[in-house]
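If you read the protein sequences in the order shown, they are chains U and W. Taking the numbering used here, I'd label the letters of the first sequence as residues 3 to 118. Taking the numbering used here, I'd label the letters of the second sequence as residues 5 to 114. Even glycine gets a Cβ: it sits at the ideal position worked out from N, Cα and C. First up is the structure itself, then whatever we jot down about it.
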Amino acid sequence: GAVVSQHPSRVICKSGTSVKIECRSLDFQATTMFWYRQFPKKSLMLMATSNEGSKATYEQGVEKDKFLINHASLTLSTLTVTSAHPEDSSFYICSAPHRGGFEKLFFGSGTQLSVL
Amino acid sequence: GENVEQHPSTLSVQEGDSAVIKCTYSDSASNYFPWYKQELGKGPQLIIDIRSNVGEKKDQRIAVTLNKTAKHFSLHITETQPEDSAVYFCAASETEKLTFGTGTRLTIIP
């Protein structure tokens, strides 16, 4: 299957700092990527849709200024958690659709963010 | 919007036995139903999916059935093995924006 690479896998930061998470489609191009947030033992909640060359689309209740998304190329999307606080601690996962007939979503390995 | 319910939330199965996880969805426009396996600390991995023009799909020990009239679909794992232990998520969508179920923690007992 297609490969989506996500880095870093784990990050610990101090409250008030910003953290950038990268999501790359390694063997295919993705004009759209999705960012999810997952709390322990919970399901995946869609945060935003990243669009190459245009602004991201955020789900209701997600702060645009807190979670900055940039889709700089057809293979790279970044999520920046700005001025992070302990309540932002979570598992963040990206995904990209691989258009191999059906639009299957392939997920990155996730980033565990811990804000102290 | 779409709402997906998944049952059971936890499931323990003796190694070699079968496991069944069920999901229901609310939006009749949904036409794509994937299943994901997530291991601890990792992203979800697509294990099987089905489109609404098909009633059943099988891949080795894994099968998915879809009842579009009743709006429910199920994951069947036969001859379970310890490496099948993980959290399984169903999802439904009409587009690339998936709505996920709440997950099932499957434990295979050796």
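Original post:
Within this structure, are the beta carbons of serine 92/U and phenylalanine 109/U separated by less than 8 Å?
Top reply: no
**OP:** Tell me, please, whether the CB atom of alanine 26/W is closer than 8 Å to any CB atom in chain U?
**Re:** What sits at residue 26/W in the sequence shown is lysine, not alanine. With 8 Å as the cut-off, lysine 26/W does not count as an interface residue toward chain U.
Original post:
If you draw a straight line from the alpha carbon of arginine 12/U to that of isoleucine 71/U, how long is it in whole angstroms?
Top reply: 19 Å
Original post:
Can the beta-carbon of leucine 81/U be found closer than 8 Å to that of tryptophan 37/U?
Top reply: yes
Original post:
Buried or exposed: tryptophan 28/U, going by 16 or more other Cβ atoms within 10 Å of its Cβ?
Top reply: It should be pointed out that residue 28/U corresponds to leucine in this sequence rather than to tryptophan. Label assigned to leucine 28/U: exposed.
Original post:
Between which two residues does the beta strand (DSSP E) containing asparagine 57/W stretch?
Top reply: Taken as a continuous stretch (DSSP letters only), asparagine 57/W belongs to no beta strand (DSSP E), as it is neither H nor E.
Original post:
Relative to the C-alpha of glutamine 31/U, which residue among His100/U, Gln114/U, Leu107/U is closest?
Top reply: His100/U
Original post:
Roughly how many angstroms lie between the CA atoms of lysine 22/U and valine 5/U, to the nearest whole one?
Top reply: 20 Å
Original post:
Can you tell me whether DSSP reads serine 89/W as helix, strand or coil?
Top reply: coil
Subject >> Residues that DSSP places opposite phenylalanine 37/W in a beta bridge >> reply: Ile54/W
Subject >> Cα-Cα separation, threonine 14/W to serine 97/W >> reply: 24 Å
Original post:
How about glutamate 83/W and arginine 65/W: do their beta carbons lie closer than 8 Å?
Top reply: yes
**OP:** Please name the residue or residues paired with phenylalanine 77/W in a DSSP beta bridge.
**Re:** Cys27/W, Leu70/W
**OP:** Determine the chain U residues that contact leucine 102/W at a beta-carbon separation under 7 Å, and present them in chain order.
**Re:** Leu107
Subject >> Helix, strand or coil at glutamate 54/U [DSSP, three-state] >> reply: coil
Original post:
Got a sec? Which residues, its chain only, sit under 6 Å from glycine 103/U by beta carbon, not counting five neighbours each side?
Top reply: Reliability of the predicted coordinates at glycine 103/U is poor, the pLDDT of 49 falling under 50, and the value obtained from them is presented with this limitation in mind. Answer for glycine 103/U: no residue qualifies.
Subject >> Buried versus exposed call for phenylalanine 41/U [16 or more other C-beta atoms within 10 Å across all chains shown] >> reply: exposed
Subject >> Exposure label - glycine 5/W; buried when at least 16 CB within 10 Å >> reply: exposed
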